[in-house]
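Undergrad: Residue numbering for the sequence shown follows the numbering used here, starting at 38 and increasing by one per position. No residue lacks a Cβ here, since even glycine has one placed at the ideal position from N, Cα and C. Quick one: the structure is below, questions incoming.
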Amino acid sequence: MPRLILLNKPYGVLSQFTDSANRPTLADYLPVPGVYVAGRLDRDSEGLLALTDDGALQTRISHPRYKAPKTYRAQVEGDPTEAALERLRRGIELSDGPTRPAMVQRIPEPTGLWPRDPPIRHRVAIPTVWLEITLCEGRNRQVRRMTAAIGHPTLRLVRWRIGDWTLDGLRPGQWREVPGGLDASPGRVRRHRDGAKPRRRALLIR
């Protein structure tokens, strides 16, 4: 049966298992061979990664044509107007073309969110606001480019949800295996288908 693993990727960790420059990688946290990331996160982004040993499922989670929703919580600089947020909802022009419509809402600072290490730089005279953004595509640094396009750079970015899977119960560097493998896929993905600090020590949550 295919394996499915959810990992809370810490800030500063590459979404890969090796690195020639000896930077932190997933291998420092996940001692499970033969699984691959389905939808990477940038080194300076945090949050939910799905990993699997099933190539077809990997594609169905990560490829835009399957429209698997991914939800991000973004702390942005400044206080966007409703008109600015509406531009994100409708789709905004980026250097590689317009984005698809997105779900965007202002939210309170997420409760239970771990401190980032290192912390973001706060500027006393400039407020920050948290946004929840749900996309059905996954371009390179898309959320950061979208918020920058409306004049509100992203200071911190956490992927909170992929389909029906969330970060609930996972601290940075912790992971869990999804019982049932492929049968436990997020609803949107399933319809398309005929597991802290380093040993950096890996932490398994069951």
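1. Any chance you could list the beta strand (DSSP E) runs of at least 3 consecutive residues sitting entirely within the stretch 143–203, in chain order?
2. What residue ranges within the stretch 70–105 form continuous beta strand (DSSP E) runs of no fewer than 3 residues, ordered along the chain?
3. By the 10 Å Cβ neighbour count, where 16 or more other Cβ atoms means buried, how is N177 classified, buried or exposed?
4. Do A111 and V180 have their beta-carbon atoms positioned less than 8 Å apart in this structure?
5. Checking 8 Å against the spacing of the C-beta atoms, do L168 and R143 come in under that value?
6. According to DSSP, is R213 helix, strand or coil?
7. Give the straight-line distance between the Cα atoms of G206 and P216, rounded to the nearest whole angstrom.
8. For a quick check, are the C-beta atoms of V113 and P209 less than 8 Å apart?
9. Identify the residues that DSSP records as bridge partners of E130: which are they?
10. Which word fits L65, buried or exposed, when buried means at least 16 other C-beta atoms lie within 10 angstroms of its C-beta?
11. Would you say the stretch 90–109 touches the stretch 154–162, given that touching needs at least three Cβ pairs under 8 Å?
TA: For this structure:
1. 165–172, 191–199
2. Taking only runs of at least 3 residues, the beta strand (DSSP E) segments lying wholly in the stretch 70–105 are 83–89.
3. exposed
4. yes
5. Going by beta carbons, L168 and R143 fall inside the 8 Å limit.
6. strand
7. Whole-angstrom Cα-Cα distance: 15 Å.
8. no
9. P135
10. The amino acid occupying residue 65 in the given sequence is Asp; Leu does not appear at that position. It is buried - the Cβ of D65 has at least 16 other Cβ atoms within 10 Å.
11. Contact fails: fewer than three Cβ-Cβ distances are below 8 Å.
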